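**Q**
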Amino acid sequence: MAISTAENKSIIRSDWVKTEAMRCLSCFDPPCQKACPASIPIPEFIYSIKSGNLRHAAKVVREANPVVAICGAVCPEEIFCQSACTRSKIDRAINIRELHGFVSRSETISDNRTEPGAGKIAIIGAGPAGLSAATKLADAGYKITIFDKRSHIGGVPNSSIPKFRLSDEAIALDISYVENLGIEIKLNNAIDDPSTLLNDFHAVLIAAGLNLNRRPDIKGEMLPEVIDAITFLEQARSGKIKELNDKRVAVIGGGNVSLDVAATAASLGASETRLYYRRGPAEMKVWHSELAEVQKRGIIIEYLTAPVEIMGEGGEIEAVQCARVELDSRCDSSGRRIPRLIRGSEFMTHADLVITAIGLSSDFAEDIKANLDLSTNVPGIFAAGDWARGEGTIVEAVRDGKRVAQSIITYLKEKSK
Ligand code: SF4
């Protein structure tokens, strides 16, 4: 019988998975597991693949990480589990992320509701930190209500990560797992003051993420053809921006988000995409996979270069004035050398669209401050994820969600004594 291309691909894929799993040394005291912020029991799930028990493998990874399908696609394994893999000392690290991505895709998600009775908890934010905490708290018998101002579950991964990195299918799998736990999710529901929720809930968790894009603070930044990274990525993922044919795109930034922006602009057909970064390659703290994507798409990175003015008329951008930069011997609070414009180095470059990607912050619930243990200065209110600790990865948000869930359980038990 002829095998279709898709079937053929899936056969090759499962063969590869088994072979890759066989490379695992099943280390005692596994360093990969310690390096995974979600503490996925890596040797255990890989052993299950080796023995053909994919069902158990899926159960193990899901219990440790409720957004394991999303992490299976976009987790920067190079800075976490795979960087610690013992096998890399022999030949190359086990491709752990691909393995759990595969098992999560083969998972059958079933109804897992329990009858809640331990208390009511409100969570603000249906992103990875909120979902991670919600699943742990629901497992512990609490009734969970998640409020999110967006129209969809999944936070940043579902709104901003480009589809060529994260498929709708992976997101749908993780959402389905959460929905099958009987967690109530109220979308299009912005909460202005988290303290008001304490009237109806025993505890409140803020996992709202970061909602403000930092501005570069240069002349012309308010022109209509200057947009921020999150708006651009959301419009690209939702299909509102369908193509950028013949547009020259200038991206200002130097982090992973700026690389996502540049790769997305190129994928939408921009005639030229340039990324302007005010420091050098050594200071660019980005993941190899994201940088490789940008290089693959022919994007030009102008290192040690800073846009100083966006020039335009009648809403149209005409040019971007840039200046070359040198790095001071002194370092800033991030430990990186301070950039300084070189006088007289200014030059003009053409662009039709400028996208700023220089970081995020939040103006939500500014009177509430997160403590290191994920409690806050308001009794009964807890915090997790980017809102509490600043920009981080999805898997770090998962870790925060698990930790804060435990803090909330301890708090409520103490309170009820
Ligand atoms: S979640 Fe990330 S760090 Fe953890 S096992 Fe998966 S790829 Fe590795």
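Counted the way this note's numbering counts, the sequence shown spans residues 1277 to 1693.
Backbone N, C-alpha and C define an ideal beta-carbon position, used for all residues, glycine too.
Bear in mind that the values here come from a model prediction, so they are computed numbers and not experimental data.
1. Within 7 Å: the Cβ of C1303 and any heavy atom of the ligand SF4?
2. Roughly how many angstroms separate the alpha carbons of K1691 and I1397, rounded to a whole number?
3. Are there 16 or more other CB atoms within 10 angstroms of the CB of S1327, so buried, or fewer, so exposed?
4. What did DSSP end up calling E1510 once you bin it into helix, strand or coil?
5. What did DSSP end up calling V1562 once you bin it into helix, strand or coil?
6. In or out: L1520 buried (at least 16 other Cβ within 10 Å) or exposed?
7. For L1580 versus L1488, is the C-beta distance shorter than 8 Å?
8. What number of angstroms, rounded off, separates the C-alpha of I1684 from the C-alpha of I1459?
9. Please state whether the Cβ-Cβ distance between V1601 and A1627 is less than 8 Å.
10. Below 7 Å, is the gap between the Cβ of F1356 and the nearest heavy atom of the ligand SF4?
11. Hey, is the segment 1609-1619 in contact with the segment 1496-1516, meaning 3+ C-beta pairs nearer than 8 Å?
12. Within the 8 Å Cβ cut-off, does I1451 reach chain C?
13. For P1433, I'd like the list of residues in its chain whose CB is within less than 8 Å of its CB, leaving aside the five on either flank, ordered along the chain.
14. What do you get for N1341, buried or exposed, if any count of 16 or more other CB atoms within 10 angstroms of its CB means buried?
15. Using 7 Å as the cut-off, classify the Cβ of P1342 as near or not near the heavy atoms of the ligand SF4, replying yes or no.
16. Taking only three categories from DSSP, how would you classify M1624?
17. Measure from the alpha carbon of P1306 to the alpha carbon of each residue in T1295, H1478 and F1321, then state which is nearest.
18. Provide the residue(s) that pair with R1606 in DSSP beta bridges, ordered along the chain.
19. If you draw a straight line from the C-alpha of R1550 to the C-alpha of P1583, how long is it?
20. Can we count I1325 as close to the ligand SF4, meaning its CB is less than 7 Å from some heavy atom?
21. What are the start and end residues of the alpha helix (DSSP H) that includes P1404?
22. Determine the burial state of S1439: buried for a count of at least 16 other Cβ atoms within 10 Å of its Cβ, exposed for fewer.
23. For R1426, collect the residues of the same chain with a Cβ closer than 7 Å to its Cβ; drop the 5 residues on either side in sequence, then sort them by chain order.
24. For K1689, does the count of other Cβ atoms within 10 angstroms reach 16, so buried, or fall short, so exposed?
25. Taking the CB atoms as reference points, tell me whether Y1553 and I1576 lie closer together than 8 Å.
26. Flag V1293 as yes when its Cβ comes closer than 7 Å to any non-hydrogen atom of the ligand SF4, and as no otherwise.
27. Between E1594 and the rest of its own chain, which residues show a CB-CB distance below 7 Å, the 5 nearest in sequence each way excluded?
28. In whole angstroms, give me the CA-to-CA distance for P1352 and S1621.
**A** Based on what the coordinates show:
1. Within the sequence shown, the letter at position 27 stands for residue 1303. False, no ligand heavy atom lies under 7 Å from that Cβ.
2. By one-based count along the sequence shown, residue 1691 stands at place 415. By one-based count along the sequence shown, residue 1397 stands at place 121. Spanning the two alpha carbons is a distance of roughly 14 Å.
3. Translated into the one-based positions of the sequence shown, residue 1327 becomes position 51. By the neighbour-count rule (16 or more Cβ atoms within 10 Å), S1327 is not buried but exposed.
4. Numbered from 1 along the sequence shown, position 234 holds the residue referred to as residue 1510. DSSP places E1510 in helix when its eight states are reduced to three.
5. For the purposes of this step, residue 1562 is taken as the residue at position 286 of the sequence shown. If DSSP states are grouped into helix, strand and coil, V1562 belongs with coil.
6. Working through the sequence shown from its first residue, we reach residue 1520 at position 244. L1520 should be labelled buried.
7. Indexing the sequence shown from 1 puts residue 1580 at position 304. Indexing the sequence shown from 1 puts residue 1488 at position 212. No.
8. Here the question's residue 1684 lines up with position 408 in the sequence shown. Here the question's residue 1459 lines up with position 183 in the sequence shown. Distance between the alpha carbons of I1684 and I1459 is about 17 Å.
9. Your numbering for residue 1601 matches position 325 in the sequence shown. Your numbering for residue 1627 matches position 351 in the sequence shown. Not in contact: V1601 and A1627 (Cβ atoms no closer than 8 Å).
10. Counting from 1 along the sequence shown, the entry for residue 1356 is found at position 80. Checking every heavy atom of the ligand SF4 against the Cβ of F1356, one is found closer than 7 Å.
11. no
12. No chain C appears in this structure, which consists of one protein chain only.
13. On the sequence shown, position 157 is the one that residue 1433 refers to. Here the set comprises V1343, I1346, V1350, G1403, P1404, L1442, I1447 and I1670.
14. Along the sequence shown, one-based indexing puts residue 1341 at 65. So N1341 counts as buried.
15. Indexing the sequence shown from 1 puts residue 1342 at position 66. P1342: no, Cβ never under 7 Å from the ligand SF4.
16. As a first step, residue 1624 is located in the sequence shown; it is residue number 348 there, counting from the start. It is a strand residue.
17. Looking up residue 1306 in the sequence shown gives position 30. Among T1295, H1478 and F1321, the Cα nearest to that of P1306 is on F1321.
18. Position 330 of the sequence shown holds residue 1606. Bridge partners of R1606: none, in fact.
19. Taking the first residue of the sequence shown as position 1, residue 1550 is located at position 274. Taking the first residue of the sequence shown as position 1, residue 1583 is located at position 307. Cα to Cα, R1550 sits roughly 11 Å from P1583.
20. Against the sequence shown, residue 1325 aligns to sequence position 49. No, Cβ of I1325 sits at least 7 Å from all heavy atoms of the ligand SF4.
21. Sequence index remark: in the sequence shown, residue 1404 carries index 128 (1-based). Unbroken alpha helix (DSSP H) run through P1404: P1404 to D1415.
22. By 1-based counting over the sequence shown, the position of residue 1439 is 163. Note that residue 1439 corresponds to Lys in the displayed sequence, not to Ser. That one is exposed.
23. Position 150 of the sequence shown, counted from the start, is the residue given in the question as residue 1426. Cβ within range, chain order: S1435 and L1463.
24. Counting from 1 along the sequence shown, the entry for residue 1689 is found at position 413. That one is exposed.
25. Along the sequence shown, one-based indexing puts residue 1553 at 277. Along the sequence shown, one-based indexing puts residue 1576 at 300. Not a contact, by the Cβ cut-off of 8 Å.
26. In the sequence shown, the residue the question calls residue 1293 occupies position 17. No, since every heavy atom of the ligand SF4 falls outside the 7 Å radius drawn around the Cβ of V1293.
27. The sequence position of residue 1594 within the sequence shown is 318, counting from 1. Within the same chain, E1594 has close Cβ partners M1587 and G1588.
28. Counting from one through the sequence shown, the residue named residue 1352 turns up at place 76. Counting from one through the sequence shown, the residue named residue 1621 turns up at place 345. Answer to the nearest angstrom: the Cα atoms are 37 Å apart.
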